[in-house]
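Residue numbers (my numbering): 73 to 390. Notes for the one structure printed next.
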């Protein structure tokens with residue numbers, strides 16, 4: 073029995089109970105984010121109101137693991153990859169905000185552990201020959217990462233530890249490989265061989281999964297972004313694991329066009345850093361202009377403009 077009188081589970085019993093069914097979505101992923109037990113009440117909220125709100129904002133299922141006799145619990149996130157990644161960021165922010173009231177040092181949350189549960193028949197694609205792909209993911213994301221041998225619901229745990237953004241970068245690489253591996257399996261579940269079209273090695277597939285983001289930064293505010301002799305740009309590239317280039321285009325004479333290349337979570341974090349740098353001393357009037365491909369505009373606006381109001385409400389900006 074735990075300290076508050078509720079039944080407690082430990083060891084293998086807890087591990088089996090924490091792995092949930094993936095539902096009917098064949099592309100769903102499941103991640104367990106480890107948080108201090110002292111913060112679990114604030115994350116769940118009264119009658120589950122807080123965690124339900126987080127789930128609504130992220131667009132995926134979020135539940136708290138069972139109570140255990142130990143210092144940590146797990147926030148279980150299940151759904152499409154973008155929602156699961158957003159859920160972890162939202163939970164981490166909620167945990168940070170609850171630290172002072174619950175006697176937890178915020179420094180405890182500077183390093184996070186997340187467990188991504190990977191279908192056992194896809195683990196080989198992520199580990200790679202002699203562990204080469206796993207080593208590549210570690211190197212690129214700067215995390216501690218290992219696969220457990222135990223299975224639950226035909227899945228194995230891939231445990232990732234490091235700063236949250238690094239953990240998410242590693243997850244994004246793992247899920248890109250998982251998606252490619254699933255796509256490479258026909259309905260019967262038998263993997264296509266290299267006969268015909270040869271499969272590229274995993275690190276190359278990871279690099280190919282990278283994409284681009286374009287945004288505009290006013291030239292008059294760009295000095296804080298660029299830094300002395302480009303030091304600001306170099307720091308952002310190093311901190312977030314992206315490639316960043318500035319250029320000018322005649323249609324925007326007062327702005328720099330900033331091109332970011334890298335995994336989506338890295339680019340998203342780098343965009344925030346760029347906005348913060350360009351808005352130094354004028355945060356009350358901070359703005360962001362991103363360049364969206366014409367083919368994607370309809371998806372952002374939504375049918376009859378329905379998506380834009382939802383975005384405004386979810387994030388509280390115009």
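Just so you know, even glycine gets a beta-carbon here, dropped at the ideal spot from N, CA and C. Since we're looking at a predicted model, the values are computed, not measured.
In chain order, what are the residue ranges of uninterrupted alpha helix (DSSP H) at least 4 long that sit wholly in the stretch 77-162? 83-90, 112-116, 121-130
Is it true that the stretch 93-103 meets the stretch 140-150, where meeting means three or more beta-carbon pairs spaced less than 8 Å apart? yes
Is residue 105 near residue 164, with beta carbons less than 9 Å apart? As a first step, residue 105 must be located in the chain shown, where it is residue number 33. As a first step, residue 164 must be located in the chain shown, where it is residue number 92. Contact flag set, yes.
Contact between the stretch 164-173 and the stretch 139-146 (3+ Cβ pairs under 8 Å): no
Contact defined as beta carbons within less than 8 Å: I believe residue 232 pairs with residue 215. What is the distance between those atoms, to the nearest angstrom? Start at 1 with the first residue of the chain shown, and residue 232 comes out as number 160. Start at 1 with the first residue of the chain shown, and residue 215 comes out as number 143. That belief holds up - the Cβ atoms of residue 232 and residue 215 are roughly 5 Å apart, short of 8 Å.
Given a threshold of 16 other Cβ atoms within 10 Å of its Cβ, counted over all protein chains shown, does residue 341 qualify as buried or as exposed? Taking the chain shown and counting its residues from 1, the one referred to as residue 341 is at position 269. Buried.
Between 290, 331, 311, which has its C-alpha nearest residue 283's C-alpha? Position 211 of the chain shown, counted from the start, is the residue given in the question as residue 283. The residue with the shortest Cα to Cα distance from residue 283 is 331.
At the level of alpha carbons, what is the spacing between residue 366 and residue 122? In the chain shown, counting from the first residue as 1, residue 366 sits at position 294. In the chain shown, counting from the first residue as 1, residue 122 sits at position 50. Taking the straight line from one Cα to the other gives about 37 Å.
Find the nearest neighbour of residue 220 within the set 189, 202, 245, judged by alpha-carbon distance. To locate residue 220, count along the chain shown from 1; it is residue 148. Among 189, 202, 245, the Cα nearest to that of residue 220 is on 189.
Which term fits residue 134, buried or exposed, when burial requires 16 or more other beta carbons within 10 angstroms of its beta carbon? Within the chain shown, numbered from 1, the residue matching residue 134 stands at position 62. Flag for residue 134 reads buried.
For residue 283, which beta-bridge partners are listed by DSSP? Counting from 1 along the chain shown, the entry for residue 283 is found at position 211. Per DSSP, 334.
Kindly indicate which three-state DSSP category residue 366 falls into: helix, strand or coil? Position 294 of the chain shown, counting from 1, holds the residue named residue 366. If DSSP states are grouped into helix, strand and coil, residue 366 belongs with the helices.
Quick check on DSSP: helix, strand or coil for residue 351? As a first step, residue 351 must be located in the chain shown, where it is residue number 279. Note: residue 351 maps to coil in three-state DSSP.
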